[in-house]
Structures are given as C-alpha cells and as structure tokens.
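Mapped onto the UniProt record's numbering, the consecutive letters of the sequence shown carry residue numbers 1 to 290.
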Amino acid sequence: MLSYEKKHKMREKIGKKRITKSILLETGKISPEEFVLAGDNLIFKSPTWRWATCSKSKQNDWLPSDKQFLITEHVPCLKRAHELTSGLDKDFIFEDEGGDSWISPENLDEIPKKKEEEEEKEKEKEEKKEEEKETSSDEEVVEGFDISDDEIESANEEDENAIVSDEEVDIVKSRTYNITITYDKYYQTPRVWLQGYREDGQQLTTKEMSEDISPDHFESTVTFVPHPHLEVKTASIHPCKHAHVMKRMIDEMGTRNKVLESKNYLLLFLKFIFAAIPTINFDFAQGFEL
Numbered sequence: 001m002l003s004y005e006k007k008h009k010m011r012e013k014i015g016k017k018r019i020t021k022s023i024l025l026e027t028g029k030i031s032p033e034e035f036v037l038a039g040d041n042l043i044f045k046s047p048t049w050r051w052a053t054c055s056k057s058k059q060n061d062w063l064p065s066d067k068q069f070l071i072t073e074h075v076p077c078l079k080r081a082h083e084l085t086s087g088l089d090k091d092f093i094f095e096d097e098g099g100d101s102w103i104s105p106e107n108l109d110e111i112p113k114k115k116e117e118e119e120e121k122e123k124e125k126e127e128k129k130e131e132e133k134e135t136s137s138d139e140e141v142v143e144g145f146d147i148s149d150d151e152i153e154s155a156n157e158e159d160e161n162a163i164v165s166d167e168e169v170d171i172v173k174s175r176t177y178n179i180t181i182t183y184d185k186y187y188q189t190p191r192v193w194l195q196g197y198r199e200d201g202q203q204l205t206t207k208e209m210s211e212d213i214s215p216d217h218f219e220s221t222v223t224f225v226p227h228p229h230l231e232v233k234t235a236s237i238h239p240c241k242h243a244h245v246m247k248r249m250i251d252e253m254g255t256r257n258k259v260l261e262s263k264n265y266l267l268l269f270l271k272f273i274f275a276a277i278p279t280i281n282f283d284f285a286q287g288f289e290l
C-alpha cells in the first residue's frame, strides 16, 4: 500500500495540468509563479515569514529550489480554542456548501481589531493584578518590631545585590507553533501546516493540537498527516475548499469595486485561515486592508 506522502506526490504530478495563465479572479486558484509572487509580498509585509527549502528528494520542480515553502516559527498560542470568550458574531461569518464556517469578506479587516482588543483586555487584566498586588503590599503593617535605620539600610543593600532566580520571575509561558505554507499543485491553492510545541519544547500530540483548532473546522477541514517537505507529523488545513472560499471573497470584493492582485493573494488567504486557528497569534499582515 502506498504511503500518504507517495500518494500525495503522485497526485500532484499527474492530477492537474500546470496553470499557464492567471485564473485567479475566475476560480480563486493560483499558479506556482503567482504563489512565489504572493510569498515574496507576504515576507515584505510580514517579515516574520521567510522562504525555506528542503532536501532535493522532497523538492517540487514547479517551484524554485530555494522557495519550496513559507514558514514562520515560534508563534505563541496562549489559549485553547474552548477558552475564547469573544467569538465571532454570527453575522461575521458565512457557511460554505459543506456547512463549514468562514469569515465574511466584508468583515476581514475587523480581524486585526478583534485580536488587538483581546490582547488589550489581557494586558489590562495583568496590569490590574499588579496594581492590586502593589496596593496590598503597601498597606501591610508589621506590628511588634522596632527596625532601626541601620537595619533598613542593610536590608536595602541586600536587595540590590540579590540574584533573582527564574522561579521568582513572572514569565508567561505558552505553547508555540511553526506554521508553513506550501503550494498544492492538485488543488492549485496554498496549503497550511501546523507543528505545535509544549511550553517545555516537546512536540504536541495530535490530541493537544486539536485543542487549539476551531471545533467548527477540526472534524471537517483539518487532517493530521506528514509534512511534504519536513520529517514531522503536522495538523493541516485541507485545501479542497480553499479555491471556493477565495472565489467567494474575490466576488464580494468586486461588489465594492475592489480587485485582488496576485501579489496580495496570501494576505487575504491567511485572513480567512484565521477562522480555523483563532488561538494562534500568527502575523497575517495586519496593515493590509481590502
């Protein structure tokens, strides 16, 4: 029986003819050349991303050897999917023919604001805790002790020379993800792959990674398969519906007299991917407006 990797490789080689002219606006699909152009622009807009290569045996000849896939590493994931308290409003999403929920194109520019609001709320909570801690400390009264000025000065000197251990520092530890984007020649769209790590650096299990994926997408659009270029098992958002969703977004942009350029394809693509992995704080070019 053929392995998943061999089946995937064979399907890409014989399944679809290579796109020779742009069919982006008509189909939501892109050519390998457009994928490279869009990748270069993503890196320009969001420098946390970079191109990567792989061993020669795993390279695809329809892409440059040094631009086999895009990657961003050590992306924080502070919450589990079920912990999200401010989910998307019902009028913020639309359902495709298969019943999966995706972000409506007219609301895509609201995503960065949602993320910023969440981060601001978390920051305010932490600041409030610190203020309460400081206030409580200031109000403490020590009774029954008569401390001299010399003792106070000596204590201050000890504090200045004290070495703070890692255990005493309040460090926020979180899961992290490496996110890669490949070009799927069969579906003629990008494909996203997620490789997660625990706080101690160990790779997340399949069950643990499922906790960071939107329940609406976990069962229907996410699969756990080997990465096509790396020797790791990953969670992948299956690309079978990507062209359909992108086409719908492109059409709705057209109703506002806007046209999606090939170079901006991945900026739009990553905004709708956010619906599937809202807990992972990856950079999808927040300065990009549709």
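Glycine residues also receive a C-beta, built at the ideal position from the N, C-alpha and C atoms.
Exercise. Look up residue 92 in the DSSP assignment and say whether it is helix, strand or coil.
Key: Here the model assigns residue 92 a pLDDT of 43, short of 50, so the residue's position is not dependable and the matter cannot be decided.
Self-check item: Separation of residue 196 from residue 66, as counted between CA atoms
Solution: If you take the alpha carbons of residue 66 and residue 196, they lie about 24 angstroms apart.
Quiz item: Exposed or buried, which one is residue 205 when buried takes at least 16 other CB atoms within 10 Å?
Solution: By the neighbour-count rule (16 or more Cβ atoms within 10 Å), residue 205 is not buried but exposed.
Exercise. Tell me whether residue 233 sits in a helix, a strand or coil according to DSSP, three-state version.
Key: It is a strand residue.
Quiz item: Using DSSP with H/G/I as helix, E/B as strand and the rest coil, what is residue 50?
Solution: Here residue 50 sits in strand by DSSP.
Quiz item: Per DSSP, residue 193 is paired with what?
Solution: Looking at the DSSP output, residue 193 bridges to 180 and 236.
Quiz item: Grouping DSSP H, G and I as helix and E and B as strand, with all else coil, what is residue 199?
Solution: Three-state DSSP puts residue 199 in coil, outside helix and strand.
Exercise. Please state whether DSSP places residue 279 in a helix, a strand or coil.
Key: Coil, per DSSP.
Self-check item: residue 244 to residue 203 span [Cα, whole Å]
Solution: When rounded, the separation of the alpha-carbon atoms in residue 244 and residue 203 is 33 angstroms.
Quiz item: What is the rounded straight-line gap between the Cα of residue 277 and the Cα of residue 42?
Solution: Rounded to whole angstroms, residue 277 to residue 42 spans 19 angstroms at the Cα level.
Practice problem: Kindly indicate if chain C contains any beta-carbon less than 8 angstroms away from that of residue 46. | Solution: Note that chain C does not occur in the displayed structure, where there is just one protein chain.
Quiz item: In terms of DSSP beta bridges, what is residue 71 paired with?
Solution: Partner(s): 50 and 180.
Exercise. Pick helix, strand or coil for residue 222, following the three-state DSSP scheme.
Key: For residue 222, the secondary structure class from DSSP, reduced to helix, strand or coil, is strand.
Exercise. Just confirm the distance between the C-beta atoms of residue 236 and residue 193, as a whole number of angstroms; I'd bet it's less than 8 angstroms.
Key: The Cβ separation is near 5 angstroms, so the contact holds.
Practice problem: Would you identify the three-state DSSP class for residue 76, choosing helix, strand or coil? | Solution: DSSP places residue 76 in strand when its eight states are reduced to three.
Practice problem: With a threshold of 16 other CB atoms inside 10 Å of the CB of residue 201, please say whether the residue is buried or exposed. | Solution: Counting the other Cβ atoms within 10 Å of the Cβ of residue 201 gives fewer than 16, which makes it exposed.
Quiz item: Touch check for the region 67 to 80 and the region 244 to 259: three-plus C-beta pairs under 8 angstroms?
Solution: In short, these stretches do not touch, since the Cβ pair count stays below three.
Practice problem: For residue 68, I'd like the list of residues in its chain whose CB is within less than 7 angstroms of its CB, leaving aside the five on either flank, ordered along the chain. | Solution: Around residue 68: 52, 53, 54, 59, 60 and 229.
Quiz item: Could you check where the alpha helix (DSSP H) with residue 210 kicks off and where it finishes?
Solution: The continuous alpha helix (DSSP H) containing residue 210 extends over residues 206 to 210.
Quiz item: What's the gap between the Cα of residue 86 and the Cα of residue 279?
Solution: Here the model assigns residue 86 a pLDDT of 47, short of 50, so the residue's position is not dependable, and the following value carries that caveat. Rounded to whole angstroms, residue 86 and residue 279 show a C-alpha spacing of 12 angstroms.
Practice problem: Please classify residue 291: does DSSP put it in a helix, a strand, or coil? | Solution: Residue 291 cannot be examined here, being either before or after the span of the chain that is shown, 1 to 290.
Self-check item: Nearest-angstrom beta carbon gap, residue 239 and residue 187 [assumed within contact, 8 angstroms]
Solution: Your pair residue 187 and residue 239 checks out as a contact, with CB atoms roughly 4 angstroms apart and the cut at 8 angstroms.
Quiz item: Mind checking whether residue 266 and residue 38 have CB atoms under 8 angstroms apart?
Solution: It is a contact, given that the beta carbons lie within the stated cut-off.
Self-check item: Member of 258, 274 and 242 whose CA lies at the smallest distance from the CA of residue 212
Solution: Residue 274 is the option with its Cα nearest to residue 212.
Quiz prompt | Nearest-angstrom Cα separation, counted from residue 56 out to residue 255 | solution = Whole-angstrom Cα-Cα distance: 45 angstroms.
Quiz item: Can you give the Cα-Cα distance for residue 185 and residue 128, rounded to whole angstroms?
Solution: Cα to Cα, the separation comes out at about 51 angstroms.
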